[in-house]
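Residue numbers (this note's numbering): 48 to 312. Accompanying notes for the structure given below.
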């Protein structure tokens with residue numbers, strides 16, 4: 048587990064999950080500085096001799112890509128600035144568990160077009176969902192990610208929409224999803240982002256606009272009172288804690304799927 052960014056859910060669920068499956072996880076943080084103390088290629092070539100798989104949590108997406116290209120063992124993206132696929136897997140599992148279907152399901156993401164949105168858009172469109180985004184001007188998602196999600200939508204019959212009005216975006220949505228306005232590495236932009244996102248808070252009034260059966264989701268960590276209120280997080284319409292718990296179950300399923308076929312000593 049090569050973690051160069053702080054983590055609660057990703058670290059604990061992979062580490063506990065591997066232990067529950069009868070394996071062992073090694074957590075490395077400042078011990079390895081990818082591309083600085085040692086090249087990514089050299090790190091990959093060493094680790095592939097020692098372990099059966101790698102989970103990487105880093106900033107530049109290209110670092111994770113290079114690690115995967117150089118290592119002859121599976122590499123799992125535990126988060127980059129561009130994508131957070133493990134989170135998206137847990138998200139759609141949680142939606143299916145609670146709502147019973149994915150095809151045609153409407154999810155409204157309120158906030159930043161960030162890594163969490165990117166992965167939700169890619170997986171959601173692959174599964175035939177309608178994924179909406181309401182974001183302030185200047186905080187649109189990556190154009191290449193959107194283009195790929197549009198390709199997936201054409202194949203599956205899914206739909207991808209964008210706008211700047213959170214009320215319009217959530218109307219009729221089964222799920223209202225949000226994330227922190229300021230992610231790791233963006234701390235210098237905190238005040239600027241707070242101003243830009245002021246009208247994008249998920250509160251009871253916004254959830255009411257979605258409809259009486261709508262539920263709220265958040266990938267955590269949350270800044271209570273900013274992007275989401277405590278009354279929503281802790282209220283009866285929150286799926287957040289089930290969503291968090293499901294990180295463990297989905298991580299275990301992912302490890303079983305990826306490592307199950309390998310020859311483990």
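C-beta: ideal position from N, C-alpha, C; glycine also.
How about residue i and residue j: do their beta carbons lie closer than 9 Å?
i	j	result
residue 162	residue 207	no
residue 225	residue 305	no
residue 280	residue 294	no
residue 253	residue 213	yes
residue 171	residue 204	no
residue 91	residue 113	yes
residue 54	residue 104	yes
residue 269	residue 220	no
residue 302	residue 64	yes
Since residue i sits in a beta bridge, which residues does DSSP pair it with?
i	result
residue 222	154, 262
residue 180	156, 209
residue 75	49
residue 285	263
residue 81	85
residue 102	123
How far does the beta strand (DSSP E) with residue i in it reach, from first residue to last?
i	result
residue 124	122–126
residue 58	Here residue 58 belongs to no beta strand (DSSP E); instead the alpha helix (DSSP H) covers 56–67.
Would you kindly report the start and end of the unbroken alpha helix (DSSP H) that includes residue i?
i	result
residue 145	132–146
residue 271	Unbroken run through residue 271: none, as it is neither H nor E.
residue 163	162–173
residue 248	That residue, residue 248, is in no alpha helix (DSSP H); it is neither H nor E in DSSP.
residue 199	190–203
Using the Cβ count rule (16 or more neighbours within 10 Å means buried), how would you classify residue i?
i	result
residue 101	buried
residue 228	buried
residue 159	buried
residue 75	exposed
residue 193	buried
residue 179	buried
residue 273	buried
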